[in-house]
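Visitor:
Numbering (the working numbering), first residue to last: 157 to 344.
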């Protein structure tokens, strides 16, 4: 799937988690979910996360940097795409890593909430589920080389196809409805 689809799926994990756990969300958590949805593709040389740019300005006056470029370059040099980073082991390590990152960063970043690590991990897991719905599948039990698919062969999604674009639009609208609904209830 495309990076934009993974990001929107990851962001959607926030409202799903909010409904089932009852926590109140904030826009920062949407970004954490979207980031989690992109992280498994650190192993892809042409991924959205590798070329994600943070910057200011336009044209020749643009000042920007790519925060994940170096780590993605290193990871994609060592691991093949849809390998170790697309496994259950990676989800577990992501959960532990993001939990300890939260414990460390929450000392200095006041608005960082305990849901951060969970949303980041669920966003990561959502990427694997989405890739498991494609023709390529994922090596869920890596280092075992078998590929897992979460949809029957005839229903698997082709990257960039109409099915993926429809899924993207539906999830974008769902997320927009969640955000608008949340602000409506907060303001009334």
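In this text, a Cβ means the ideal position worked out from N, Cα and C, and glycines have one as well.
The structure presented is a predicted model; accordingly, all values stated were derived computationally and were not measured.
Would you mind sorting residue 212 into buried or exposed? The rule is 16 or more other CB atoms within 10 Å of its CB.
Guide: On the chain shown, residue 212 is found 56 positions in, with the first residue counted as 1. So residue 212 ends up on the exposed side.
Visitor: According to DSSP, is residue 221 helix, strand or coil?
Guide: Mapped onto the chain shown, residue 221 falls at position 65. DSSP places residue 221 in strand when its eight states are reduced to three.
Visitor: Taking contact to mean at least 3 C-beta pairs separated by less than 8 Å, is the stretch 158-177 in contact with the stretch 250-269?
Guide: Too few Cβ pairs lie closer than 8 Å, so no.
Visitor: For residue 304, which residues does DSSP report across the bridge?
Guide: Here residue 304 corresponds to residue number 148 of the chain shown, with the count starting at 1. For residue 304, which the question treats as bridged, DSSP gives the partners 294.
Visitor: Nearest to residue 271 by alpha carbon, out of 317, 192, 313?
Guide: As a first step, residue 271 is located in the chain shown; it is residue number 115 there, counting from the start. Of the candidates 317, 192, 313, the one whose C-alpha sits nearest the C-alpha of residue 271 is 192.
Visitor: State the beta-bridge partners of residue 211 as determined by DSSP.
Guide: For this step, residue 211 is matched to residue 55 along the chain shown. BP columns for residue 211 point to 220.
Visitor: Kindly list the residues whose CB is nearer than 7 Å to the CB of residue 239, restricted to its own chain and excluding five residues on each side of it in sequence; keep chain order.
Guide: Counted from its first residue, the chain shown places residue 239 at position 83. Cβ neighbours of residue 239 beyond the five flanking positions: 199, 295, 298.
Visitor: Mind checking whether residue 277 and residue 247 have CB atoms under 8 Å apart?
Guide: Walking along the chain shown from the start, residue 277 turns up at place 121. Walking along the chain shown from the start, residue 247 turns up at place 91. In contact: residue 277 and residue 247 (Cβ atoms closer than 8 Å).
Visitor: Taking the beta carbon of residue 231 as the centre, do at least 16 other beta carbons fall within 10 Å, making it buried, or is it exposed?
Guide: Here the question's residue 231 lines up with position 75 in the chain shown. Buried is the call here.
Visitor: Assign residue 158 to buried or exposed, taking buried as 16 or more other Cβ atoms, counted over all protein chains shown, within 10 Å of its Cβ.
Guide: Indexing the chain shown from 1 puts residue 158 at position 2. Per the 10 Å Cβ criterion, exposed.
Visitor: Which two residues bound the contiguous alpha helix (DSSP H) that contains residue 256?
Guide: Along the chain shown, read from residue 1 onward, the residue named residue 256 stands at position 100. Where residue 256 is concerned, the enclosing alpha helix (DSSP H) stretches over 244-261.
Visitor: Whole beta strand (DSSP E) runs in the stretch 169-212 with 3 or more residues, listed along the chain?
Guide: Segments of the beta strand (DSSP E) lying fully in the stretch 169-212: 210-212.
Visitor: Output the distance between the C-alpha atoms of residue 242 and residue 335, rounded to the nearest integer angstrom.
Guide: As a working note, residue 242 is residue 86 in the chain shown. As a working note, residue 335 is residue 179 in the chain shown. Rounded to the nearest angstrom, the two C-alpha atoms are 29 Å apart.
Visitor: In or out: residue 175 buried (at least 16 other Cβ within 10 Å) or exposed?
Guide: Your numbering for residue 175 matches position 19 in the chain shown. Looking at its Cβ environment, which holds fewer than 16 other Cβ atoms inside 10 Å, residue 175 is exposed.
Visitor: Given this structure, state the Cα-to-Cα distance separating residue 226 from residue 206, to the nearest angstrom.
Guide: On the chain shown, position 70 is the one that residue 226 refers to. On the chain shown, position 50 is the one that residue 206 refers to. Taking the straight line from one Cα to the other gives about 8 Å.
Visitor: Quick check on this structure: which residue in 263, 203, 255, 218 has the alpha carbon closest to the alpha carbon of residue 228?
Guide: Position 72 of the chain shown, counting from 1, holds the residue named residue 228. The shortest Cα separation from residue 228 among 263, 203, 255, 218 belongs to 203.
Visitor: Since residue 313 sits in a beta bridge, which residues does DSSP pair it with?
Guide: Indexing the chain shown from 1 puts residue 313 at position 157. 290.
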